[in-house]
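These protein sequence lines are chains F and R, in that order.
Each residue of the first sequence is one higher than the one before, counting from 2 in my numbering.
Each residue of the second sequence is one higher than the one before, counting from 2 in my numbering.
No residue lacks a Cβ here, since even glycine has one placed at the ideal position from N, Cα and C.
As the structure is a prediction and not an experimental result, all values here were calculated from the model.
2 protein chains.
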Amino acid sequence: MSARTRIPVAVLEDACTTPLLDAPLSDADAAEVAAAFAVLAHPVRLRLLSLVAAAGEICSCDLTTPLGKSQPTVSHHTKALVDAGLLVGEKRGRWVWWRVVPERLDTLRSVLG
Amino acid sequence: MSARTRIPVAVLEDACTTPLLDAPLSDADAAEVAAAFAVLAHPVRLRLLSLVAAAGEICSCDLTTPLGKSQPTVSHHTKALVDAGLLVGEKRGRWVWWRVVPERLDTLRSVLG
DNA sequence: CAAATATATCGACGGTTGTCAATATGTGTC
DNA sequence: GACACATATTGACAACCGTCGATATATTTG
Numbered sequence: 002m003s004a005r006t007r008i009p010v011a012v013l014e015d016a017c018t019t020p021l022l023d024a025p026l027s028d029a030d031a032a033e034v035a036a037a038f039a040v041l042a043h044p045v046r047l048r049l050l051s052l053v054a055a056a057g058e059i060c061s062c063d064l065t066t067p068l069g070k071s072q073p074t075v076s077h078h079t080k081a082l083v084d085a086g087l088l089v090g091e092k093r094g095r096w097v098w099w100r101v102v103p104e105r106l107d108t109l110r111s112v113l114g
Numbered sequence: 002m003s004a005r006t007r008i009p010v011a012v013l014e015d016a017c018t019t020p021l022l023d024a025p026l027s028d029a030d031a032a033e034v035a036a037a038f039a040v041l042a043h044p045v046r047l048r049l050l051s052l053v054a055a056a057g058e059i060c061s062c063d064l065t066t067p068l069g070k071s072q073p074t075v076s077h078h079t080k081a082l083v084d085a086g087l088l089v090g091e092k093r094g095r096w097v098w099w100r101v102v103p104e105r106l107d108t109l110r111s112v113l114g
């Protein structure tokens, strides 16, 4: 399995709450944490997150221009963020409204200390 | 430039201290933060960090076996962690003694909130 | 139903990364 | 100096990822 293979959110939920430096990581925990950070390790996804946070709620069609990426690429990244539990989308009519899941960032923050 | 291109430590030091969700990220800041997380987005590097932390101080020759990786691969990862400011190595005789830089993890944690 | 719009998926291409074998460099020991 | 050992570097290969064009699906509007 690669460093960046995505891992189901549920798996990460019940582990990885111990800070990185407090105990040696098992192979499995390391893979889960690495997968979570891999999703954050991309400038477009980081900017996407911050744009959603700034707007509170926003649809994909209003993300393509500020991100400077094509519609399929934006869709690709929203999916990655949703799979990582960092973003949720609610479909209303033709649009999907995206919101950040701040609790998820809190979980990852706790891994760093 | 790619998402995972490494960026000099100094560059990251004087930016990226504002939490991700508090303000929209510039392209430049997003690239810097993404590069930092990319270094953490690898299970071998995470385990390496936790092994060093557990030992307090440890040399590469005592990392290859627990990591299950070849000597060049371990060297490759220590270099990545050093470039990211997460690890420092002190050469004593034939050995390099590695230590974690916890302040660096604190900086990254602050980006998440 | 037809047209328009928003998003998702597919397929393909180029670039990056992780890995190791081989080799080089540096350091202590005999 | 010759050898042994620890680490770094080089080169090469396989695997993965980001990107976009093309296309599919879903939903509203006329």
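Residues near L41(F) in its chain [Cβ-Cβ closer than 7 Å; skip 5 each side]: Within the first sequence, residue 41(F) is the residue found at index 40, counting from 1. The beta carbon of L41(F) lies closer than 7 Å to those of L47 in the same chain, with the five residues before and after it left out.
Environment of G69(F) [buried if 16+ CB atoms lie within 10 Å]: Numbered from its first residue, the first sequence carries residue 69(F) at position 68. Around the C-beta of G69(F), fewer than 16 other C-beta atoms lie within 10 Å, and the residue is accordingly described as exposed.
Contacting residues, own chain, Cβ-Cβ under 8 Å from L21(F) (five flanking each side not counted): As a first step, residue 21(F) is located in the first sequence; it is residue number 20 there, counting from the start. Apart from the 5 residues on each side of it in sequence, L21(F) sits with its Cβ closer than 8 Å to the Cβ of V34, V112, L113, G114 in its chain, given in chain order.
Local Cβ density within 10 Å of R93(R), reported as buried at 16 or more and exposed below that: As a position in the second sequence, residue 93(R) is number 92, starting the count at 1. By the 10 Å Cβ count, R93(R) comes out exposed.
Residues sharing a beta bridge with V53(F), DSSP: For the purposes of this step, residue 53(F) is taken as residue 52 along the first sequence, with counting starting at 1. Among the bridge pairs identified by DSSP, V53(F) is matched with none.
Interface partners of L50(F) on chain R, CB under 9 Å: Along the first sequence, read from residue 1 onward, the residue named residue 50(F) stands at position 49. Near L50(F) (Cβ distances below 9 Å), the residues of chain R are L21, L22, L26.
Bounding residues of the alpha helix (DSSP H) (the contiguous stretch that carries E33(F)): Reading the first sequence from its first residue, position 32 is the one you call residue 33(F). Membership of E33(F) in the alpha helix (DSSP H) is indicated by the continuous run 28-41.
Alpha-carbon spacing of L26(F) relative to T19(R), whole angstroms: By 1-based counting over the first sequence, the position of residue 26(F) is 25. By 1-based counting over the second sequence, the position of residue 19(R) is 18. Each residue's alpha carbon lies about 29 Å from the other.
L104(R), DSSP secondary structure in three states: As a first step, residue 104(R) is located in the second sequence; it is residue number 103 there, counting from the start. According to the sequence displayed, residue 104(R) carries Glu and not Leu. E104(R) falls in the helix class under three-state DSSP.
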